[in-house]
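Just so you know, the sequence shown maps onto residues 512 to 828 in my numbering.
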Amino acid sequence: MHVTLHLGAHRTAATTLQRFLALNAKSLAAEGVAIWIPSETRRGLFSGLVRRPDSVTLQLERLGRHSVGRLRMRQHGLERAGATRLLVSEQNLIGTAEDCLRSERLYPFAFERLDRIVPAFHERCDRILFGIRAYDRFWSSLLSQAVMNGHPVPEIAALDRLVTQPRRWRRVIEEISAAFPRADLIICPYERFAGRVERQLAAMVGFALTPGFAARMAGVRNWEARGSSPDGICEVSADRGHLEPIPISSSERWLPFDRNQRAALIAQYAEDLAWLRAGANGHARLMERADAEELRRMDMTGGPFPDDRHQDTERLG
């Protein structure tokens, strides 16, 4: 049995993909595909493993070793039951949204965190899917969640630090590759694939499913964990004494960054995409095109698409 890791990132429609996998779990099992999503992974499956390196104690180290053993046993059990592929979708494996905002860095301990789970998957992990998103939208989405959860509206200095922080998607991708050098690392831009869960599934599985399987899938155009509305952010921030109006885009999005900051963030993302299109120094490959025939067929399911779906990544790099 082989393993595919889906590592998020946060705010790249990972929850939508996980819900889609849950809705189709029985059908996937019939195809030999097992799934572990947060409803499973956050019930102690990775106890002692998913930690910041500076918080690992001797007790957690021992607990982590026990978890590695349990994870291996669970995988052997799935294999004996007939599974040929396990999909593990858990964005917190590389870090949390809180880690990013607290440190003002993009997944500051990605390699160290992944290095702790490598023994759990041995030689089984041969495929990794990782979603990226334009920095202005990514940070804005994290910040909007933080404000809704009780944090203050960020000041200009804090926003500047996010713009100038040194870590980029490129560095995170290099660290994922370093942790799992034998895995096929597939990079999935949010702007093209957030509303295409069936294409992400195809990339995760890596083999042809039974003819007609796509037409039977549930929740193909569902959209989970939508970003906070500007009205909601205004209401929450006003309750805390922030009475200044917040900037809102023409697409009804909160814009915490000013024009110059957004331009800098967009340029950084363009550099990442250019690096990926040039081959990423062999670390990863960019999934950028969807199969037109399959997409036409899947469009028949109808339903809304995420706002960023039509943003053209080619203009960014």
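Ideal Cβ positions, reconstructed from N, Cα and C, are used throughout, including at glycine.
Other residues of its chain near Cys636: CB distance less than 7 Å, five sequence neighbours each side excluded: Val514, Leu516, Phe691 and Ala694
In terms of DSSP beta bridges, what is Thr515 paired with? Leu598 and Arg638
Can you tell me whether Asp647 is buried or exposed? The criterion is at least 16 other CB atoms within 10 Å of its CB, across all chains shown. buried
Nearest CA to the CA of Met512: which residue from Val658, Thr607 and Thr595? Thr595
With 16 other CB atoms within 10 Å as the buried threshold, where does Leu806 fall? In this predicted model, Leu806 has a pLDDT of only 37, less than 50, meaning its place in the structure is not dependable; the value taken from the coordinates is given anyway. Burial call: exposed.
Tell me, to the nearest whole angstrom, how far the beta carbon of Ala705 is from that of Thr523; I am working on the premise that it is less than 8 Å. 7 Å
Three-state secondary structure (DSSP) of Ile697: strand
Beta carbon of Gly575, beta carbon of Arg627: below 8 Å? yes
Buried or exposed, going by whether 16 or more other CB atoms sit within 10 Å of the CB of Met715? buried
Measuring CB to CB, does Leu712 end up less than 8 Å from Ala657? no
So if DSSP puts Ala545 in a beta bridge, which residue, or which two residues, is it bridged to? Leu597
Could you check the C-alpha separation between Arg583 and Cys699 for me, to the nearest Å? 28 Å
Is there contact between the stretch 546 to 566 and the stretch 597 to 616, where contact requires at least three CB pairs shorter than 8 Å? yes
Runs of beta strand (DSSP E) lying entirely within the stretch 565 to 636, each at least 3 residues, in chain order: 596 to 600
Pair within 8 Å by beta-carbon distance, Leu571 and Gly559: yes
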